[in-house]
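In what follows, a structure is listed as structure tokens, so that the remarks can point back to it.
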Amino acid sequence: MSTPLANLATSIRQNRAFTGAVLLLVALFLLYNVLHPRGFSSAVLIQNANESVAIVFVAMAQTIPVLLGGLDLSVGAVMTLSACIASVLVNGSPLQIILGMLVTLLAGTAFGFCNGLIVVYGRLQPIIATLATGAIAMGLALFIRPKPGGDIDGDLNWAVTNSLWDFVDTYGLFDADAAWFAPVAWIPVPLLIILVFGACVWLPFRRTVTGRTIYAIGSAEGAAYMSGLPINRAKIAAFTLAGFFAACGGLYLAIQTASGNADLTQAGAYTLNSIAAVVLGGTSLLGGVGGAIGSLIGALILRVISFYFRILSIDPLLQPLVEGLVLLAAVSLGAVRVLRIRNRLDLFR
Amino acid sequence: MSAHPFLQLSGVSKYFAGTRALENVDFACERGSIHAVLGENGAGKSTLIKIISGVLRPDTGALSLDGQPFDFANPAQANAAGIVCIFQELSLVPDLTVADNIALAQPPRRYGMIDRRAQRHRAEALLARIKCEDVDPNALVRDLSLSRRQMVEIAKALGKQPRLLILDEATSALTRNDVETVYGLLADLRQDNVASLFISHRMNEVERLCDTLSVFRNGRHVETFSKGAKTDGQIVRLMIGREVDAQFPPKPAPTPHVPHLHVDNLSWEKRLRGASLTVGRGEIVGLGGLDGQGQKELMLALFGVLRGVEGRVTVGETQGVPTSPAIAKQAPRRIALVPEDRKTEGLMLPMSIADNLLAASYAYVSVGPFINPMLESQAVSEAIAKLQIKIGDPQDPVATLSGGNQQKVVIAKWLMTDPDVILLNDPTRGIDVGTKQEIYRLMRRLADEGRAILFYSTDYAELIGCCERVAIMYDGAIVAELSGDAVTEEAIVSAALNIHAAPVGVAS
Chain R
12 MSTPLANLAT
22 SIRQNRAFTG
32 AVLLLVALFL
42 LYNVLHPRGF
52 SSAVLIQNAN
62 ESVAIVFVAM
72 AQTIPVLLGG
82 LDLSVGAVMT
92 LSACIASVLV
102 NGSPLQIILG
112 MLVTLLAGTA
122 FGFCNGLIVV
132 YGRLQPIIAT
142 LATGAIAMGL
152 ALFIRPKPGG
162 DIDGDLNWAV
172 TNSLWDFVDT
182 YGLFDADAAW
192 FAPVAWIPVP
202 LLIILVFGAC
212 VWLPFRRTVT
222 GRTIYAIGSA
232 EGAAYMSGLP
242 INRAKIAAFT
252 LAGFFAACGG
262 LYLAIQTASG
272 NADLTQAGAY
282 TLNSIAAVVL
292 GGTSLLGGVG
302 GAIGSLIGAL
312 ILRVISFYFR
322 ILSIDPLLQP
332 LVEGLVLLAA
342 VSLGAVRVLR
352 IRNRLDLFR
Chain S
14 MSAHPFLQLS
24 GVSKYFAGTR
34 ALENVDFACE
44 RGSIHAVLGE
54 NGAGKSTLIK
64 IISGVLRPDT
74 GALSLDGQPF
84 DFANPAQANA
94 AGIVCIFQEL
104 SLVPDLTVAD
114 NIALAQPPRR
124 YGMIDRRAQR
134 HRAEALLARI
144 KCEDVDPNAL
154 VRDLSLSRRQ
164 MVEIAKALGK
174 QPRLLILDEA
184 TSALTRNDVE
194 TVYGLLADLR
204 QDNVASLFIS
214 HRMNEVERLC
224 DTLSVFRNGR
234 HVETFSKGAK
244 TDGQIVRLMI
254 GREVDAQFPP
264 KPAPTPHVPH
274 LHVDNLSWEK
284 RLRGASLTVG
294 RGEIVGLGGL
304 DGQGQKELML
314 ALFGVLRGVE
324 GRVTVGETQG
334 VPTSPAIAKQ
344 APRRIALVPE
354 DRKTEGLMLP
364 MSIADNLLAA
374 SYAYVSVGPF
384 INPMLESQAV
394 SEAIAKLQIK
404 IGDPQDPVAT
414 LSGGNQQKVV
424 IAKWLMTDPD
434 VILLNDPTRG
444 IDVGTKQEIY
454 RLMRRLADEG
464 RAILFYSTDY
474 AELIGCCERV
484 AIMYDGAIVA
494 ELSGDAVTEE
504 AIVSAALNIH
514 AAPVGVAS
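Protein chains in written order, with the numbering used here: chain R, 12 to 360; chain S, 14 to 521.
In structure tokens:
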């Protein structure tokens with residue numbers, strides 16, 4: 012019953028939506044590279060990864076409140092706020108840079124923590140509480156950076172937006188041309204950042220009691236309470252972690268663009284796209300099912316779709332229309348299960 | 014026996030919005046004993062166990078465990094003190110695995126993270142102890158049947174190593190085998206000096222299992238006595254405070270019925286395999302058998318819930334399987350289904366009693382596209398009077414009612430559509446004796462009015478007491494039909510197990 016293979020089969024069966032998202036991403040990305048004139052090159056991968064980091068982080072941030080059964084409408088704004096903070100602080104001596112990055116991450120995390128406190132002790136619906144706090148975050152961002160601009164350390168910008176080779180070369184960590192390093196030298200740093208944060212923050216978190224309580228709340232809050240789970244702590248942790256991931260996205264965006272910009276439209280777009288990515292990645296908006304790794308995949312799918320516009324020469328004016336249709340089609344794939352259901356009552360579960 | 018009782022309540026009262034749920038209750042319970050708590054719905058049993066297990070706090074009075082006074086703020090604190098409750102409303106999280114659920118609050122950990130391997134071993138060990146080796150610890154709880162879920166719930170409670178175990182109707186959804194396992198388990202726990210509080214509406218269970226009985230009525234503790242000190246009749250009288258005559262209404266003399274509902278060779282997925290049955294007008298046909306043999310699916314199929322049903326269904330002159338509940342309830346079929354789970358399928362808990370009563374019959378109280386308030390309130394008060402539903406105000410949320418009254422709302426909702434065929438899926442589960450008897454009498458009256466009733470029950474005594482004919486299901490098909498005097502417990506059990514040891518009176 013519990014051989015590793017049977018366990019894997021059970022796991023795949025229980026995570027159909029996730030498996031589907033991974034397959035969709037692989038198919039889309041392979042086709043993209045086939046169509047691209049310089050497909051399957053490190054340069055294309057680096058460019059794609061760079062443009063994906065922010066939305067991936069914001070999607071992972073959104074996942075956690077969604078698992079609770081709520082929505083966080085402030086993730087885009089917290090990302091923007093963090094980017095603006097970073098655009099002021101991340102420069103100077105190496106120590107100042109590191110300190111600036113820490114303060115940026117801390118600020119976003121603290122903002123998420125406040126979201127959590129408001130939701131738990133203010134007893135507000137997450138969606139309305141974060142609508143308000145999102146506006147506050149935008150206000151703070153505008154206060155910090157009334158006009159786009161800023162000063163980000165140039166070395167850092169170069170080092171984290173290129174391949175590992177460039178990273179090692181920029182900081183002279185060791186001989187970047189060493190033979191042992193060659194097999195991994197092509198890997199884009201932004202891709203590594205995504206994977207490391209996904210694997211080192213989310214996966215361990217999910218296996219803590221707090222992490223599991225988040226799932227339990229989204230699935231059946233009454234049962235979670237009756238089982239004596241730490242409900243308030245889990246809710247606050249969920250929003251705090253969302254703030255942390257959003258801050259990661261903002262920090263990267265600031266380093267990548269070497270500036271900060273309190274752009275309201277962009278913040279809103281990131282928030283809405285994060286919800287789309289969460290759904291594409293197999294997380295249920297009702298809560299209790301899914302995970303941040305799925306949202307990572309979902310965000311990449313969204314991005315790859317937009318990459319196609321560059322190589323397929325579609326009229327830019329048509330882009331939103333096509334994007335909307337593709338998104339609708341992709342989300343519909345998740346609804347295919349409805350056709351298989353034989354007991355109509357299961358539709359409502 | 015020690016100087017002080019293991020669990021002691023003195024002068025405990027609890028009020029909800031001015032109504033009394035418990036008043037000045039003194040109660041005690043000893044280790045190494047299985048103590049039954051009996052009473053009608055609304056007698057205060059649920060409030061009592063919620064106070065003991067930390068869900069509610071008493072308004073007045075003191076509680077102590079092993080001589081130590083306690084006042085728990087939440088169930089977690091009660092668990093920590095060794096008080097574990099298996100609630101009637103399951104406390105499982107459907108989207109997590111069985112193993113996750115069993116170790117939900119206190120999982121085994123390594124380096125601060127949940128040790129999934131240890132957690133699975135623990136789940137396997139606990140499941141083995143209650144003979145549920147067939148349950149895969151990696152399965153999601155939502156994929157399990159109700160009876161399996163309840164066993165997982167029991168495993169979860171055991172894993173907390175209780176000193177005081179409270180079972181609130183914990184056997185109501187179980188199969189016979191599981192019930193035996195639980196009985197054995199409770200006996201073992203008694204050996205281990207664990208105190209058990211057992212809340213059940215099934216007298217025979219209480220008889221068999223418990224050594225001490227306490228009766229509650231109207232929020233008061235009426236009497237505690239040891240088993241055998243009183244007869245069943247005396248106990249029932251204590252519970253309802255009045256004389257009861259026959260538990261079941263008398264059956265009418267056997268008469269031929271005009272067949273109204275024909276089910277012929279009904280199949281669906283692998284759960285129904287050629288079930289055939291007829292129900293006549295004015296007849297109550299029982300549906301029996303072990304849990305999960307397709308009884309629920311048969312009812313859902315007849316009500317248009319299932320997709321891809323094969324076979325023939327005829328209601329009166331109308332042929333064909335209905336394709337949705339909306340079609341099933343309308344003329345010419347006029348079918349009603351009282352579903353298994355009243356909290357999710359029967360009621361919209363946050364909505365008002367009036368809205369719930371009208372949910373299936375808005376067409377009857379509407380003029381054009383608008384609901385007529387006059388007709389609406391008239392229909393609601395008629396329904397409430399007809400079933401004697403005990404309520405404060407029809408605009409209160411239905412969730413505020415006791416279980417028995419909620420079930421009456423579900424039944425009343427369907428009676429408002431004036432159905433010809435009534436499908437009842439275990440309508441008396443978790444309901445007090447008084448309401449049960451009202452439901453039996455109501456069923457008989459509805460049959461006398463010429464309706465066809467199909468009645469599924471997990472309680473064999475009900476099938477024997479209420480039905481002219483009983484069809485037994487096994488593995489998706491009707492394997493036996495018993496009628497008249499052949500409807501006996503032995504015949505039902507042997508047919509349910511699909512053994513033909515007692516062929517006496519098995520007509521087909």
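Think of the CB as a built atom: it goes at the ideal place given N, C-alpha and C, for glycine as much as any other residue. Quick caveat: nothing in here was measured; it's all calculated off a predicted structure.
Residue i CB to nearest heavy atom of the ligand HEM below 7 angstroms
{"i": "S/Q420", "result": "Here there are no bound small molecules, and the ligand HEM is not part of this structure."}
Rounded C-alpha distance that separates residue i from residue j
{"i": "R/A249", "j": "R/T219", "result": "12 angstroms"}
{"i": "S/L78", "j": "S/R44", "result": "11 angstroms"}
{"i": "S/K356", "j": "R/P48", "result": "60 angstroms"}
{"i": "R/T120", "j": "S/L226", "result": "56 angstroms"}
{"i": "R/D186", "j": "R/V179", "result": "8 angstroms"}
{"i": "R/G301", "j": "R/F29", "result": "8 angstroms"}
{"i": "S/D258", "j": "S/L171", "result": "Below a pLDDT of 50, predicted positions are generally treated as unreliable, and S/D258, at 49, falls in that range; the measurement from the model is reported next regardless. Taking the straight line joining both Cα atoms gives about 40 angstroms."}
{"i": "S/P382", "j": "S/V334", "result": "29 angstroms"}
{"i": "R/R353", "j": "R/S85", "result": "39 angstroms"}
{"i": "R/I57", "j": "R/K246", "result": "36 angstroms"}
{"i": "S/L437", "j": "S/V276", "result": "16 angstroms"}
{"i": "R/V195", "j": "S/Y124", "result": "30 angstroms"}
{"i": "S/E475", "j": "S/P262", "result": "11 angstroms"}
{"i": "S/A509", "j": "S/V106", "result": "32 angstroms"}
{"i": "S/P345", "j": "S/G463", "result": "16 angstroms"}
{"i": "S/V165", "j": "S/L140", "result": "7 angstroms"}
{"i": "R/L339", "j": "R/G31", "result": "15 angstroms"}
{"i": "R/Y263", "j": "R/G299", "result": "29 angstroms"}
{"i": "S/G287", "j": "S/V50", "result": "43 angstroms"}
{"i": "S/V10", "j": "R/A234", "result": "As displayed, chain S neither begins before 14 nor continues past 521, which places residue 10 of chain S out of reach and without an answer."}
Test item: CB-CB of residue i and residue j under 8 angstroms
{"i": "R/A146", "j": "R/W213", "result": "no"}
{"i": "S/L180", "j": "S/I143", "result": "no"}
{"i": "S/L460", "j": "S/H273", "result": "Checking the sequence, you will find Ala at residue 460 of chain S rather than Leu. No, they are not a contact pair."}
{"i": "S/L11", "j": "R/A227", "result": "For chain S, the structure presents residues 14 to 521; residue 11 of chain S sits outside this window and is missing."}
{"i": "S/R230", "j": "S/M216", "result": "no"}
{"i": "S/D498", "j": "S/S470", "result": "no"}
{"i": "S/A136", "j": "S/L20", "result": "no"}
{"i": "R/S306", "j": "R/G87", "result": "no"}
{"i": "S/R347", "j": "S/V434", "result": "yes"}
{"i": "S/H234", "j": "S/V446", "result": "no"}
{"i": "R/F68", "j": "R/C259", "result": "yes"}
{"i": "S/I404", "j": "S/L388", "result": "no"}
Cβ distance (whole Å) where residue i is taken to contact residue j below 8 angstroms
{"i": "S/G305", "j": "S/S185", "result": "Going by Cβ atoms, the distance from S/G305 to S/S185 rounds to 14 angstroms, so no, they are not a contact pair."}
{"i": "S/C223", "j": "S/H48", "result": "6 angstroms"}
{"i": "S/V393", "j": "S/L428", "result": "Wrong, their Cβ atoms sit about 12 angstroms apart, outside the cutoff."}
{"i": "R/S98", "j": "R/I163", "result": "6 angstroms"}
{"i": "R/A94", "j": "R/F122", "result": "Contact doesn't hold; Cβ gap of about 13 angstroms is too wide."}
{"i": "R/A257", "j": "R/M90", "result": "5 angstroms"}
{"i": "R/L39", "j": "R/V315", "result": "5 angstroms"}
Beta-carbon neighbours of residue i, restricted to chain R and to distances below 8 angstroms
{"i": "S/A131", "result": "None at all; the shortest Cβ gap to chain R is about 12 angstroms."}
{"i": "S/D181", "result": "Within chain R, no residue comes near S/D181; the closest Cβ sits about 11 angstroms away, beyond 8 angstroms."}
{"i": "S/N87", "result": "Y236, G239"}
Residues that residue i contacts on chain S, provided the C-beta gap is smaller than 8 angstroms
{"i": "R/T21", "result": "D149, N151, A152"}
Chain S contact residues for residue i, given Cβ-Cβ distances below 7 angstroms
{"i": "R/N18", "result": "N151"}
Contact set between residue i and chain R, taken where Cβ atoms lie within less than 7 angstroms
{"i": "S/F100", "result": "M237"}
Cross-chain neighbours of residue i in chain S, by beta carbon under 9 angstroms
{"i": "R/G299", "result": "V106, P107, D108, L109"}
{"i": "R/S93", "result": "Within chain S, no residue comes near R/S93; the closest Cβ sits about 27 angstroms away, beyond 9 angstroms."}
When the Cβ atoms of the region 66-75 of chain R are set against those of the region 125-141 of chain R, are three or more pairs found closer than 8 angstroms? no
I want to know whether the region 475-483 of chain S touches the region 289-298 of chain S - three or more CB-CB distances under 8 angstroms. yes
Are there three or more Cβ pairs, one per stretch, closer than 8 angstroms when the region 267-287 of chain S is compared with the region 311-319 of chain S? yes
Touch test, the region 278-292 of chain R against the region 187-203 of chain R, Cβ-Cβ under 8 angstroms, three pairs minimum: no
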